[in-house]
Amino acid sequence: MIRLYNTLSRKKDPLQPVQEGKIGIYACGPTVYDYFHIGNARVFLVFDVLRRYLQYRGFEVTFVQNFTDVDDKMIRRAAEQGVSVSELADRFIQAYEEDTKALGIWPADHHPRATEHIPQIIALIEKLMEKGLAYELDGDIYYHIDSFASYGKLSYQNLDELSLGARVEIDERKRHPMDFAVWKKAKPGEPSWESPWGRGRPGWHIECSAMSMAYLGDTLDIHGGGQDLIFPHHENEIAQSEGATGKPFARHWLHLGYLNIDEEKMSKSLGNVLTVRKLVKEVDPMILRYFMLSSHYRSPINFSREHLDQAGRALERLTTLLYKLQERLEKVPEGDLRDEEQELLDFLGASRERFIEVMDDDFNTAEGIAVLFELARKTNVYLDRFAEQKRNVLQPILAFYQEVDKIFGFLTEGLETVSDLDQEIEELINTREKARREKNWELADAIRDQLREKNILLEDTPQGVRWKVYGGEK
RNA sequence: GGCGACAUAGCCAAGAGGCAAGGCAGAGGACUGCAAAUCCUUUAUCCCCGGUUCAAAUCCGGGUGUCGCCUCCA
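The first sequence begins at 1 in my numbering and counts up one residue at a time.
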């Protein structure tokens, strides 16, 4: 049974889908006014891997992640750049697609845009108005949080304390200081749509309520995003959605820990915002995937070059093993298993079970990775100690890593094929082999150094020379 | 002020009553022409003080420290 920590209940709850065998996931996506940063990337990546894992576990997953393509930030940025809001959105949606692709993040099943769901948003607001949960104020529509009895249940806040602690100026006209806009009256020059309350645009929270329910029904199985969205964004979504439907909005609320840079929160004012667009030019994206998945998704992680280097070296241990497996596989026969080989295969089976067990328990990718390393050590022992290996031992092990990598995506997706070395390099390697046979160490070492310059690492093994394309930092 | 998270080796990081996973770095060894890769060995008063228990990193109480949310921040 899969259990996931639920922000709403503050404990791990069993994943019991609304519809047997199906899972609907909605993740709050980016506001497309800039390139996304590595903190955003963590959220996209974790949901990407969660979705793949649930598919691996046999669920039919529908994954929805929105683009917020109209809001204050969009309008301001578009004005600064002298482009229309929709041009700005198009540009950064395209950038999103490019950058997530670089990270090996699959597109969601649906990437709804707020501006393309205005009718659904208006319909939802109308329902809130009918039920007396929202009120009009000079062309704006506000949600009245006093009318939703369980407001605050996600963030464990109560209304009185919230308004006391509020650091914003209170708009005296609102019925409750924390009432929030679901519809905003159009200002000159801003994008706007016709509505029963005049021209305007949706508030931020309402789009997620409207679009998630449009694609996934009134009750989602999993909804989430960064921790900072718990309040007010997700709290407000609950109020709107449950206020309108009377049904639970989401069964599981999943919130990710922060990604900090050098112990500090990323922020514009600190000037330490690091975009993925910039980072993937310097660092192998597979190392980023590994780094982010090597901590539990709810823990804060601290991003630094040093930690990334550590991650790179750790990952290399696994990719090196995969190279070896691929290479040996082609050269060894099948045969009857000796006891030690049967034990290794038994361990492989136990590893798969263990992998599922730890991943089922609140999606523990860090433990899942540890399983890969334990199997790696045993496999290395086999490769080292036994002069004769068998394909029917190596093949299932390689298959397991490939199977797991359909979920994690940091192993084989980063593997470059070893077969297509160009002629010139092939000759250099042959020359060096000849030199080594003649014990001309000076020439042999010179060639090895020369190839290292080209990111090709040579290793002399009892089975002959082996090379690999170096996949570390670029 | 309200709400919350976190503290485990030099570093990263799991574990949530029963001998403290895994990785990186370091040290020693094996293998190697030298390397690389790999293997073996080695590295922990689980922040502090109490309590519960046969047994606590884990549960309870109290501290200390770090961080976050309460601003349309992922």
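Beta carbons: idealized from backbone N, C-alpha and C, even for Gly.
Residue i: which of the options sits nearest, CA to CA?
| i | options | result |
| --- | --- | --- |
| D48 | D405, K468, I456 | D405 |
| E453 | N440, Q463, I425, K434 | I425 |
| H307 | T320, R298, Y290 | Y290 |
| I118 | E87, W193, E341 | W193 |
| P17 | L216, S241, G200, D90 | L216 |
| A214 | E403, G58, L457, F249 | F249 |
| G224 | N440, G271, L50 | L50 |
| D34 | D445, D90, V46 | D90 |
| E172 | K278, V332, L137, W183 | L137 |
| R42 | R313, R298, F373, E340 | R298 |
| E357 | F347, L344, V371, E442 | V371 |
| S294 | K278, H233, L45 | L45 |
| L348 | K187, L288, L394, I25 | L394 |
| E327 | K434, K390, I206 | K390 |
| I25 | L128, A186, K131, R251 | R251 |
| D13 | F408, D362, N430 | D362 |
| M292 | H233, T365, E334 | T365 |
| R76 | T412, N272, A181, G189 | G189 |
What are the boundary residues of the beta strand (DSSP E) that includes residue i?
| i | result |
| --- | --- |
| F400 | Where F400 is concerned, there is no enclosing beta strand (DSSP E), although the alpha helix (DSSP H) it sits in stretches over 391 to 408. |
| Y297 | Taken as a continuous stretch (DSSP letters only), Y297 belongs to no beta strand (DSSP E), as it is neither H nor E. |
| E60 | 60 to 65 |
| F92 | No beta strand (DSSP E) holds F92; the alpha helix (DSSP H) holding it covers 85 to 102. |
| D72 | Element bounds for D72: not the beta strand (DSSP E) but the alpha helix (DSSP H), 72 to 81. |
| I141 | 140 to 143 |
| A134 | 134 to 137 |
Would you mind sorting residue i into buried or exposed? The rule is 16 or more other CB atoms within 10 Å of its CB.
| i | result |
| --- | --- |
| M359 | buried |
| D69 | buried |
| P112 | buried |
| L4 | buried |
| M286 | buried |
| F373 | exposed |
| R437 | exposed |
| L270 | exposed |
| P462 | exposed |
| E235 | buried |
| G243 | buried |
| Q19 | exposed |
| R201 | buried |
| N430 | exposed |
| G246 | exposed |
| P300 | exposed |
| K101 | exposed |
| E334 | exposed |
For residue i, report the span of its alpha helix (DSSP H) as first-last.
| i | result |
| --- | --- |
| W441 | 441 to 453 |
| W204 | 204 to 216 |
| I429 | 423 to 437 |
| K475 | Summary: the structure shown does not reach residue 475, with the chain confined to residues 1 through 474, and so no result is reported for it. |
| A350 | 339 to 360 |
| Y56 | 38 to 56 |
| V276 | 276 to 279 |
| K127 | 118 to 130 |
| E237 | 235 to 245 |
Closer than 7 Å by C-beta to residue i: which residues in its own chain qualify, once you throw out the five before and the five after it? Chain order, please.
| i | result |
| --- | --- |
| I230 | T7, L154, S155, H255 |
| A239 | Y143, I145, F148, Y151 |
| G21 | F59, E60 |
| L321 | A376, T379, N380 |
| R354 | V371 |
| S209 | L124, E237, Q240, S241 |
Checking the sheet assignment: what are the DSSP bridge partners for residue i?
| i | result |
| --- | --- |
| N302 | N260 |
| H223 | Y26, W253 |
| W467 | L458 |
| H513 | Limits of the chain in this structure are 1 at one end and 474 at the other, which puts residue 513 out of reach. |
| K185 | G200 |
| P14 | R3 |
| K265 | N260 |
Only counting the same chain, and skipping five residues up and downstream in sequence, which positions put a Cβ closer than 8 Å to that of residue i?
| i | result |
| --- | --- |
| K11 | Y5 |
| L274 | H37, I38, I261, M266, F303 |
| Q450 | L428 |
| E126 | P196 |
| N158 | G152 |
| E459 | V465, R466, W467, K468 |
| I23 | L15, P17, L54, F59, E60, V61, T62, D221, I222 |
| G198 | G139, K185, A186 |
Using 8 Å as the cut-off, classify the Cβ of residue i as near or not near the heavy atoms of the ligand SAH, replying yes or no.
| i | result |
| --- | --- |
| T320 | Among the components of this structure there are no ligands whatsoever, and the ligand SAH is therefore not found. |
Considering only residues of the same chain and omitting the five flanking positions on each side of residue i, which have a CB-CB separation below 6 Å?
| i | result |
| --- | --- |
| A95 | Y35 |
| V418 | With a pLDDT of 49 at V418, under the threshold of 50, the modelled position of this residue cannot be trusted; read the value that follows with caution. The answer is none, since no qualifying residue turns up. |
| D176 | In the sequence under discussion, the amino acid at residue 176 is His, which differs from the Asp named in the question. Here the set comprises I145, D146. |
| R277 | Y35, D99 |
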